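Below is one structure; the comments refer to it alone.
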Amino acid sequence: MDGVTDPAFRYIVARYGKPDLQFTEFINVEEVCHGSDSAWQQLCYTEIERPIVAQIYGADPDRFYQVAQVICELGFDGVDINMGCPSKNVSARGCGAALIKNPPLAKEIIRAVQCGVRDWASGHRIETIGLRSRVVHKLMAKSAPSAAFEKHRPLLPVTVKTRLGYDSVVIEEWVATLLQEQVEAISIHGRTLTQMYRGQADWNAIARAAKVVHETSTLVLGNGDVESMTDLVERVRESHVDGVLIGRGCLGNPWIFQQKEWARAEMQRPTGQSPVGEVNLDERFNVALEHARHFETLGGSSRFAAMRKHLGWYCKGFPGAAEVRARMFKATSSGDVQQVLDGITDDLKGRC
Ligand SMILES: Cc1cc2nc3c(=O)[nH]c(=O)nc-3n(C[C@H](O)[C@H](O)[C@H](O)COP(=O)(O)O)c2cc1C
1024 MDGVTDPAFR YIVARYGKPD LQFTEFINVE EVCHGSDSAW QQLCYTEIER PIVAQIYGAD
1084 PDRFYQVAQV ICELGFDGVD INMGCPSKNV SARGCGAALI KNPPLAKEII RAVQCGVRDW
1144 ASGHRIETIG LRSRVVHKLM AKSAPSAAFE KHRPLLPVTV KTRLGYDSVV IEEWVATLLQ
1204 EQVEAISIHG RTLTQMYRGQ ADWNAIARAA KVVHETSTLV LGNGDVESMT DLVERVRESH
1264 VDGVLIGRGC LGNPWIFQQK EWARAEMQRP TGQSPVGEVN LDERFNVALE HARHFETLGG
1324 SSRFAAMRKH LGWYCKGFPG AAEVRARMFK ATSSGDVQQV LDGITDDLKG RC
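With positions in the sequence shown counted from 1, the corresponding number in this note's numbering is that position plus 1023.
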């Protein structure tokens, strides 16, 4: 999620939730090829996050071909193509969910990424694919492959994340188009581009798409409005998807993924009990502080404002939370976060 699933947040999610996989924020292929520092920062990850999939967006198949190889060289576990972003400045350039309206280009982009992944796996040297020299230098500085990595060049899975349609639901025809390119998985957010984030995600439409996808070996993942593992079990039961992506439901709540084994077991039973209870406030605050410190460790001190939204998400659902959030929104360092937390009385913690 853009502006959210940065390396510091993914580290915290990996430590306290351990989902089956994580995605980077969506990363623009032009910016990667241009050598933009912010795009290259988005391509940072650590081993604890594995399996980690890099998500990319753009509209130029040649750039996708190059960036697919950059992603392979950096050792990611998969490449996901964003065909779901509804934001105006993305879709107006023909990227993200605008590709739903342009199936020929969408297919060409998928083929370009698959070709990049295949070429890299068969031994293509990254220096020879037309990248600018500053990009090659960045890559060399980052990847420095070990001898073992040099020998093993895995063929990364290529996947697509998309929506139900542009301004109307066309998901059955749209997944049929995507399936022609034999992607490994299709993730579907149950809204159209014009809906943005309004209304409820339409899991009936996701279920219809899942039926089409299940006639092939491609996996289908559903997405939208899942805020608990109880929600997740219900959505899987009604839609028969192979998996679920959780976005907003993990904001301030990396622990949500701890209950995934409960959900798996629950899916085998006709009815069941509720998953284990919420984490206590002490742990939530400790993790908020650890997250803030880790954000600084990864170079975030000068842009600490970007951390504040996460602090707000951790501080929800207890008496006096609004007041604590207001103080967190003024924090300019992890030291300030520590001070806010120190100032919360034992009385408040006791009440929760
Ligand atoms: C702030 C924000 C940033 C997002 N950025 C991305 C992104 O970079 N790539 C992507 O595929 N989806 C992105 N999404 C969409 C989510 O991944 C997800 O599809 C959507 O929020 C619905 O799922 P949810 O109800 O579980 O959040 C973003 C959503 C939000 C709210």
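Backbone N, C-alpha and C fix where the C-beta goes; we use that ideal spot for every residue, glycine too.
Computed from a predicted structure; not experimentally measured.
Inter-residue CB distance, residue i and residue j (contact presumed, cutoff 8 Å)
i: residue 1241; j: residue 1208; result: 6 Å
i: residue 1192; j: residue 1217; result: So it is not a contact: roughly 11 Å between Cβ atoms.
i: residue 1074; j: residue 1103; result: Going by Cβ atoms, the distance from residue 1074 to residue 1103 rounds to 12 Å, so no, they are not a contact pair.
i: residue 1349; j: residue 1334; result: About 11 Å; that fails the 8 Å criterion.
i: residue 1273; j: residue 1154; result: Actually they are not in contact, since the Cβ atoms of residue 1273 and residue 1154 sit about 34 Å apart, beyond 8 Å.
i: residue 1181; j: residue 1133; result: 7 Å
i: residue 1175; j: residue 1092; result: Their Cβ separation, rounded to whole angstroms, is 16 Å, which puts residue 1175 and residue 1092 out of contact at 8 Å.
i: residue 1277; j: residue 1040; result: 4 Å
i: residue 1107; j: residue 1098; result: Not quite, the Cβ-Cβ distance comes to about 25 Å (not below 8 Å), so this is no contact.
i: residue 1189; j: residue 1124; result: 5 Å
i: residue 1245; j: residue 1262; result: 5 Å
i: residue 1028; j: residue 1045; result: 7 Å
i: residue 1347; j: residue 1354; result: Actually they are not in contact, since the Cβ atoms of residue 1347 and residue 1354 sit about 11 Å apart, beyond 8 Å.
i: residue 1037; j: residue 1071; result: 4 Å
i: residue 1088; j: residue 1026; result: Actually they are not in contact, since the Cβ atoms of residue 1088 and residue 1026 sit about 27 Å apart, beyond 8 Å.
i: residue 1042; j: residue 1318; result: Not quite, the Cβ-Cβ distance comes to about 20 Å (not below 8 Å), so this is no contact.
i: residue 1338; j: residue 1330; result: Contact doesn't hold; Cβ gap of about 13 Å is too wide.
i: residue 1113; j: residue 1086; result: About 15 Å; that fails the 8 Å criterion.
Residue interval of the beta strand (DSSP E) (run including residue i)
i: residue 1080; result: 1075–1080
i: residue 1106; result: 1101–1106
i: residue 1045; result: 1045–1051
i: residue 1267; result: 1266–1268
Segment limits, alpha helix (DSSP H) that includes residue i
i: residue 1334; result: 1328–1337
i: residue 1181; result: Premise fails: residue 1181 lies in the beta strand (DSSP E), 1181–1188, not in any alpha helix (DSSP H).
i: residue 1364; result: 1357–1366
i: residue 1139; result: 1126–1144
i: residue 1202; result: 1194–1202
i: residue 1304; result: 1304–1318
i: residue 1347; result: 1344–1351
i: residue 1376; result: The first residue shown for the chain is 1024 and the last is 1375, placing residue 1376 beyond what the model contains.
i: residue 1062; result: 1060–1065
i: residue 1037; result: 1030–1039
i: residue 1096; result: 1084–1096
i: residue 1114; result: 1111–1114
Top-ranked residue by Cα proximity to residue i, from the options
i: residue 1234; options: 1194, 1206, 1249, 1037; result: 1194
i: residue 1161; options: 1026, 1094, 1302; result: 1094
i: residue 1231; options: 1258, 1249, 1341, 1364; result: 1258
i: residue 1251; options: 1128, 1268, 1237; result: 1268
i: residue 1200; options: 1142, 1185, 1212; result: 1185
i: residue 1222; options: 1204, 1198, 1247; result: 1247
i: residue 1303; options: 1140, 1320, 1340, 1287; result: 1340
i: residue 1096; options: 1114, 1060, 1151; result: 1151
i: residue 1379; options: 1183, 1324, 1178, 1048; result: Missing from the structure shown is residue 1379; the chain here goes from 1024 to 1375 and no further.
i: residue 1256; options: 1292, 1271, 1228; result: 1292
i: residue 1187; options: 1122, 1165, 1352, 1211; result: 1211
i: residue 1206; options: 1137, 1088, 1266, 1270; result: 1137
i: residue 1076; options: 1351, 1065, 1319; result: 1065
i: residue 1311; options: 1226, 1236, 1336, 1227; result: 1336
i: residue 1035; options: 1307, 1327, 1366, 1322; result: 1307
i: residue 1159; options: 1135, 1225, 1063, 1239; result: 1063
i: residue 1243; options: 1164, 1143, 1117, 1202; result: 1202
i: residue 1320; options: 1356, 1239, 1083, 1051; result: 1356
i: residue 1283; options: 1105, 1249, 1047; result: 1249
i: residue 1090; options: 1047, 1135, 1322, 1227; result: 1135
i: residue 1021; options: 1177, 1366, 1122; result: Residue 1021 lies beyond the residue range present for the chain, which begins at 1024 and ends at 1375; the question has no answer from this structure.
i: residue 1127; options: 1328, 1204, 1270; result: 1204
i: residue 1109; options: 1213, 1179, 1265; result: 1213
Residue i CB to nearest heavy atom of ligand 2 below 7 Å
i: residue 1024; result: Looking at this structure, you won't find ligand 2 anywhere; what it does contain is ligand 1.
- Item | Sequence ranges, alpha helix (DSSP H) only - wholly within the stretch 1210–1256, length at least 4 | Within the stretch 1210–1256, the complete alpha helix (DSSP H) runs of at least 4 residues are 1226–1236.
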